[in-house]
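Student: Numbering (this note's numbering), first residue to last: 257 to 556.
Note that the Cβ used here is the ideal one computed from N, Cα and C, for glycine as well.
1) Please list the segments of the alpha helix (DSSP H) lying wholly inside the stretch 305 to 379, counting only runs of 4 or more residues, in order along the chain.
2) How close, in whole Å, do the beta carbons of residue 214 and residue 381 come, if the pair is a contact with beta carbons under 8 Å?
3) With H, G and I counted as helix, E and B as strand and the rest as coil, what does DSSP make of residue 250?
4) From residue 270 to residue 332, what does the alpha carbon distance come to, in whole angstroms?
5) Can you check whether the CB of residue 526 is closer than 8 Å to the CB of residue 425?
6) Ignoring anything shorter than 3 residues, give me the beta strand (DSSP E) runs that lie fully in the stretch 397 to 446, in order along the chain.
7) When burial is assigned at 16 or more other CB atoms within 10 Å of the CB, is residue 334 buried or exposed?
8) The beta strand (DSSP E) with residue 454 in it runs from where to where?
9) Between 443, 484 and 478, which has its C-alpha nearest residue 459's C-alpha?
10) Assess, as a yes-or-no matter, whether the stretch 444 to 452 is touched by the stretch 529 to 540 under the definition of 3 or more beta carbon pairs within less than 8 Å.
11) CA-CA distance, residue 305 and residue 273?
12) If you follow the alpha helix (DSSP H) that residue 479 is part of, which residue opens it and which one closes it?
13) Could you round the C-beta distance between residue 326 and residue 266 to whole angstroms and report it? I think they count as a contact, below 8 Å.
14) Anyone know if the C-beta pair for residue 387 and residue 353 falls short of 8 Å?
15) In chain order, what residues of the same chain lie with their CB nearer than 7 Å to the CB of residue 287, ignoring the 5 residues before and after it?
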């Protein structure tokens, strides 16, 4: 039984009403009722006697209520200790992705440093997969990136583990030099892209993996002349007309030598800040998340 289940159970005991208990936790009445049924299933007994218009705690329920209250009291004492300890933690560990995260992170970092000069931030720029690996191993507190999902079931499994907040929307575009023959196009196909010399991120990046998978499905061979781990390098190759490549639309638009062109699959994606639900969030981390929500409220 989890702490939140204990809290649900004790609140239902308090009101003897599923609806009022659900309102206190801002969840639906069926969700609260289902949570209590799960507890009853785990205990192997009925905790509440359900009549048409009333809900009464059983003798077994009273026994569990008294024990659960003791457990919750101990947990709240422990939380107070952890909170006091968290006030002493004066650093945050953040990862951000090369293509999407670094459009947002510098602005967040600058404003947070201005407001909280006593908090030190350690950051790492890496691929999306590596970012979540770092989160899972408690090596970072937060990740700023774009996450792709193959189907709703994959998204549902992900949402059980990670909390996230959308910061801004971004679109990846195929980019060429302003003097390139394709610069006048309003849209390009994967076949057209495959006909160009490309500069791409290394294979460990989700962007590259996704693009190569699409080329493979279309039986297209691509000519990648250089791999890099830095968006700066991709931009320089395109700027010098040494190759074509992929950049966030807003990055390309800031460079007059580069023209961004939408392509098949280049829809808008949300850049989000992620953290694990089961990791304790220190006060400094909570403050950073609050700042991110304040600076990027539009996607809420």
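Tutor: Result, derived from the coordinates:
1) You should have 315 to 342 and 361 to 371.
2) Past the boundaries of the shown model lies residue 214; the chain is included only from 257 to 556, so the question cannot be answered.
3) With the chain covering 257 to 556 only, the question about residue 250 has no answer from this structure.
4) As a position in the chain shown, residue 270 is number 14, starting the count at 1. As a position in the chain shown, residue 332 is number 76, starting the count at 1. Spanning the two alpha carbons is a distance of roughly 18 Å.
5) As a position in the chain shown, residue 425 is number 169, starting the count at 1. As a position in the chain shown, residue 526 is number 270, starting the count at 1. Yes, Cβ-Cβ distance for residue 425 and residue 526 is below 8 Å.
6) Listed in chain order, the beta strand (DSSP E) elements of length 3 or more contained wholly in the stretch 397 to 446 are 398 to 401, 418 to 426 and 428 to 433.
7) Numbered from its first residue, the chain shown carries residue 334 at position 78. Classification for residue 334: exposed.
8) Walking along the chain shown from the start, residue 454 turns up at place 198. Taken as a continuous stretch (DSSP letters only), the beta strand (DSSP E) holding residue 454 covers 453 to 457.
9) Against the chain shown, residue 459 aligns to sequence position 203. Selection 443, 484 and 478 evaluated against residue 459 yields 484 as nearest (Cα-Cα).
10) With a cut-off of 8 Å, the stretch 444 to 452 and the stretch 529 to 540 do not count as touching, because too few Cβ pairs lie within range.
11) Reading the chain shown from its first residue, position 49 is the one you call residue 305. Reading the chain shown from its first residue, position 17 is the one you call residue 273. Answer to the nearest angstrom: the Cα atoms are 11 Å apart.
12) Here the question's residue 479 lines up with position 223 in the chain shown. Counting along the chain, residue 479 falls outside any alpha helix (DSSP H), though it belongs to the beta strand (DSSP E) covering 479 to 484.
13) As a position in the chain shown, residue 326 is number 70, starting the count at 1. As a position in the chain shown, residue 266 is number 10, starting the count at 1. Contact between residue 326 and residue 266 is absent: CB atoms are separated by about 11 Å, not below the 8 Å threshold.
14) Looking up residue 387 in the chain shown gives position 131. Looking up residue 353 in the chain shown gives position 97. It is a contact, given that the beta carbons lie within the stated cut-off.
15) For this step, residue 287 is matched to residue 31 along the chain shown. Within the same chain, residue 287 has close Cβ partners 278.
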